[in-house]
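A.B. asks:
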Amino acid sequence: IFFRPTPCNMRFVAVVLPRGFARHSSSCVNQVYRPGSKVIPCPKPPAPEDVEPCITTRYSELLKKHAADRKWSPEEIQEVTDKHMLFTWSWSKDIPHISHGDGIYMVTTDGKYIMDFNSQAMCSHHGHTCHPRIINRVAKQMAEIPYIYPGVGIVPIRAQLTSLLVDMFPGDLNTFTFPSSGAEAVEAAVRTARVVTGRLKVLSSYRSYHGGTLGAMALTGDQRRWTSEPGDPSVVKMFGPQPYSFAWGQSEEEITERCLTVLKEQIMYEGPHKIAAIIAESVVGTNGVLKPPKGYLQGIRELCNQHGIMMICDEVMAGFGRTGKLFGFMHEPGLVPDMVTFAKGVNGGYLPLGGLAIRDFIADHFRKTPGGTAYGSTYNAHPTVLASAHEALLLLMEKDLVGNAARLESVMVECMEKLAAKHPSIKQARALGLFGCIDIQKNRKGHCFYCNPPLIITEEELRKGFSIIDKNLDILDEAMEDYGLGY
-16 IFFRPTPCNM
-6 RFVAVVLPRG
4 FARHSSSCVN
14 QVYRPGSKVI
24 PCPKPPAPED
34 VEPCITTRYS
44 ELLKKHAADR
54 KWSPEEIQEV
64 TDKHMLFTWS
74 WSKDIPHISH
84 GDGIYMVTTD
94 GKYIMDFNSQ
104 AMCSHHGHTC
114 HPRIINRVAK
124 QMAEIPYIYP
134 GVGIVPIRAQ
144 LTSLLVDMFP
154 GDLNTFTFPS
164 SGAEAVEAAV
174 RTARVVTGRL
184 KVLSSYRSYH
194 GGTLGAMALT
204 GDQRRWTSEP
214 GDPSVVKMFG
224 PQPYSFAWGQ
234 SEEEITERCL
244 TVLKEQIMYE
254 GPHKIAAIIA
264 ESVVGTNGVL
274 KPPKGYLQGI
284 RELCNQHGIM
294 MICDEVMAGF
304 GRTGKLFGFM
314 HEPGLVPDMV
324 TFAKGVNGGY
334 LPLGGLAIRD
344 FIADHFRKTP
354 GGTAYGSTYN
364 AHPTVLASAH
374 EALLLLMEKD
384 LVGNAARLES
394 VMVECMEKLA
404 AKHPSIKQAR
414 ALGLFGCIDI
424 QKNRKGHCFY
434 CNPPLIITEE
444 ELRKGFSIID
454 KNLDILDEAM
464 EDYGLGY
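Residue numbers (this note's numbering): -16 to 470.
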């Protein structure tokens, strides 16, 4: 079970994950890698005479050693992994060896089935069995032309995916660019806002996560940013509607009004003519799965309209059905941000892909301004990757996975409420679609674990997952009582 600090005053579900996964948590990372905690000496590199000769003299040896059909023992795999690989956020141990995927399950090499209750990094909308249509579509694109740089030529798949997204996004969000990740999409959005407005400052919330690259990390509000500080000095943090240690009010109306009043004051002090954009997760993800109160996002929209500030909605986690609507910002009727970042669910994480949707007036700026857009990369709009996304989105619609998330929300809430009533270790719980989390009691300090299964999950599988969590919470209840942690 994966724990992460969450608020003391909120309601909140679960992740069934392999042992050792908690080492990925941001709190663990920052306990180990706190900037300035120690100086790591940099040893001298090997002397030139001690460096091995160029591998071109050893091709035959290497081809034999690394042949694609050579069988690797589990011990060899573990040794190379331990000695030569770094994983996301921290040094990781005790990671299971995965053989293959089967629906919502990951199957280990010794035949154990791991139910994925977090869609890995909240991205595996279609589960872990890649649909034959996606495989065939990718293979077809690879056979035609696997890659072409955007400035070199036009390929059909770019037009096909873009046309589909134009029909999926609301309002005049009609132009798209396709980097390789959500973090890159966020950075592209910020750079675009700065170029178009001629301003530098960007406001982002403390309770937020926007990606692991340097620029996206500066926008991030939680403790993961600490290892990268000092970051971009033009990024200004603001309090969102659900702060960690206090509440703006009792009702949604009070919370929205007071939070927006403070934001309005902050904009005045920062200088509205200095602010390029306000970026916000439409539904806060790894900081607690927090749906904003009614009117909050629309209030940001109105402040942006008033001061010529661009509104960026980060849909990297919430987008493409996770919340029971196609996009999280659609829970605020009629809202159209100036830019929307997305990734993860656009193709279920099968290949690296991010995206940025922009409104017409922004696209027109670049069409009329010499010098092109504010963003570019070698793998931008990679044809093979776009092929996976186009087919995945067609399947998303055909299988009505967005509707499935909406329908199963009531089952999520029911199961969570039963757990909360039974287990004294649970503080509160919340869910929106198949986006959920449970807060754990611990000396009045918040911890939580997530429940974000693949969107293909059935009601039977969902209930089975909660039954597994139920048994583990029995152990947690007993442990917390034994250690005197209190409730």
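Glycine residues also receive a C-beta, built at the ideal position from the N, C-alpha and C atoms.
What whole-angstrom Cβ distance do L186 and R342 have, given they're in contact under 8 Å?
C.D. replies: Not really, about 19 Å apart at Cβ, beyond 8 Å.
A.B. asks: Below 6 Å CB to CB, which residues in the same chain sit around V15 once its five sequence neighbours on both sides are set aside?
C.D. replies: Low local confidence applies: a pLDDT of 43 at V15 is under 50, so the model's placement there is unreliable, and no value is given.
A.B. asks: Quick check: what's the CA-CA separation for D457 versus H406?
C.D. replies: Those two C-alpha atoms are separated by around 7 Å.
A.B. asks: Look at the Cβ atom of L438, then the Cβ atom of L417, and state whether they are nearer than 8 Å.
C.D. replies: In this structure, L417 lies closer than 8 Å to L438 by Cβ.
A.B. asks: Hey, how far is the Cα of T555 from the Cα of E443?
C.D. replies: Here the chain comprises residues numbered -16 to 470, so residue 555 is not present and cannot be evaluated.
A.B. asks: Which residues in the same chain have their Cβ closer than 7 Å to the Cβ of K184, if we skip the five residues on either side of it in sequence?
C.D. replies: The residues are S217, V219, E253, K257, I258 and A259.
A.B. asks: Using beta-carbon positions only, say whether T210 and L339 come within less than 8 Å of one another.
C.D. replies: No, the Cβ-Cβ distance between T210 and L339 is not below 8 Å.
A.B. asks: Given this structure, state the Cα-to-Cα distance separating D460 from S408, to the nearest angstrom.
C.D. replies: Roughly 5 Å between the two C-alpha positions.
A.B. asks: Work out the CA separation of A412 and E397 for me, nearest whole Å.
C.D. replies: Cα-Cα distance, rounded: 10 Å.
A.B. asks: Can you tell me whether A168 is buried or exposed, with buried defined as 16 or more other CB within 10 angstroms of its CB?
C.D. replies: Flag for A168 reads buried.
A.B. asks: In the DSSP assignment, the alpha helix (DSSP H) including Q61 goes from what residue to what residue?
C.D. replies: First-last of the alpha helix (DSSP H) with Q61: P57 to H67.
A.B. asks: How would you label H430, buried or exposed, when you count the other beta carbons within 10 angstroms and need 16 or more for buried?
C.D. replies: Under this definition H430 is a buried residue.
A.B. asks: Assess contact between the region 267 to 282 and the region 136 to 148, defined as three or more Cβ pairs (one per stretch) separated by less than 8 Å. Is contact present?
C.D. replies: At 8 Å Cβ cutoff, the stretches do not touch.
A.B. asks: With P276 and T239 assumed to form a contact (beta carbons below 8 Å), what rounded beta-carbon distance in angstroms separates them?
C.D. replies: Right, the Cβ-Cβ distance comes to about 5 Å (below 8 Å), so this counts as a contact.
A.B. asks: Taking A340 as part of the beta strand (DSSP E), name the residues at either end of that continuous run.
C.D. replies: Run containing A340: G338 to R342, per the beta strand (DSSP E) assignment.
A.B. asks: With DSSP as the reference, label G291 as helix, strand or coil.
C.D. replies: DSSP places G291 in coil when its eight states are reduced to three.
A.B. asks: DSSP on C398, reduced to helix/strand/coil?
C.D. replies: Residue state, collapsed to three classes: helix.
A.B. asks: Beta strand (DSSP E) containing R413: first to last residue?
C.D. replies: R413 -> beta strand (DSSP E) spans I409 to L415.
A.B. asks: Expressed to the nearest angstrom, what Euclidean distance is found between the alpha-carbon atoms of A5 and Q289?
C.D. replies: With a pLDDT of 39 at A5, under the threshold of 50, the modelled position of this residue cannot be trusted; read the value that follows with caution. Taking the straight line joining both Cα atoms gives about 44 Å.
A.B. asks: Quick check: what's the CA-CA separation for V385 versus M105?
C.D. replies: Cα to Cα, the separation comes out at about 15 Å.
A.B. asks: Kindly confirm or deny that the region 106 to 124 and the region 361 to 381 touch, where touching means at least three C-beta pairs closer than 8 Å.
C.D. replies: Contact between the region 106 to 124 and the region 361 to 381 is present, because at least three Cβ pairs lie under 8 Å.
A.B. asks: Flag this pair as touching only if the region 91 to 106 and the region 321 to 337 have three or more C-beta atom pairs under 8 Å; answer yes or no.
C.D. replies: Yes, they touch.
A.B. asks: With H108 and F303 assumed to form a contact (beta carbons below 8 Å), what rounded beta-carbon distance in angstroms separates them?
C.D. replies: 6 Å between Cβ atoms; contact.
A.B. asks: Identify the residues that DSSP records as bridge partners of S188: which are they?
C.D. replies: Answer is M221, bridged to S188.
A.B. asks: Would the region 79 to 90 count as touching the region 351 to 366 if we require 3 or more Cβ pairs under 8 Å?
C.D. replies: Cβ pair count under 8 Å is below three, so no.
A.B. asks: Taking only the alpha-carbon atoms, compute the straight-line gap between G328 and Q124 and give it to the nearest angstrom.
C.D. replies: Roughly 21 Å separates the two Cα atoms.
A.B. asks: Determine the closest residue to A480 out of L280, M251, K247 and I250, with distance taken between C-alpha atoms.
C.D. replies: In the structure displayed, the chain extends from -16 to 470; residue 480 sits before or after that span and is not available.
A.B. asks: Kindly give me the distance between the Cβ atoms of V267 and S191, rounded to whole angstroms, as I take these residues to be in contact under 8 Å.
C.D. replies: Sure, about 7 Å apart at Cβ, within 8 Å.
A.B. asks: Extract the residue ranges of the alpha helix (DSSP H) inside the region 210 to 275, only unbroken runs of 4 or more that lie entirely within it.
C.D. replies: Here the runs fully enclosed are 235 to 253.
A.B. asks: Where do the N-terminal and C-terminal ends of the alpha helix (DSSP H) with G165 fall, by residue?
C.D. replies: Where G165 is concerned, the enclosing alpha helix (DSSP H) stretches over G165 to T180.
A.B. asks: Tell me which same chain residues have a C-beta within less than 8 Å of the C-beta of K308, skipping the five on either side of it?
C.D. replies: Once the five neighbours on either side are set aside, the close Cβ partners of K308 are H314, V385, A389 and G416.
A.B. asks: Looking at the unbroken alpha helix (DSSP H) that takes in I118, where does it start and where does it end?
C.D. replies: Looking at the DSSP string, the run of the alpha helix (DSSP H) that includes I118 is P115 to E127.
A.B. asks: If we count the other Cβ atoms within 10 Å of its Cβ and call it buried at 16 or more, is S265 buried or exposed?
C.D. replies: That one is buried.
A.B. asks: Thinking D215 and A199 are a contact (beta carbons under 8 Å), I'd like their distance in whole angstroms, please.
C.D. replies: About 10 Å separates the two Cβ atoms, so there is no contact after all.
A.B. asks: Are there 16 or more other CB atoms within 10 angstroms of the CB of A301, so buried, or fewer, so exposed?
C.D. replies: Classification of A301: buried, given that the 10 Å Cβ count is 16 or more.
A.B. asks: Please work out which residues of its chain come closer than 8 Å, Cβ to Cβ, to K247, disregarding the five sequence neighbours upstream and downstream, and give them in chain order.
C.D. replies: Cβ neighbours of K247 beyond the five flanking positions: L286.
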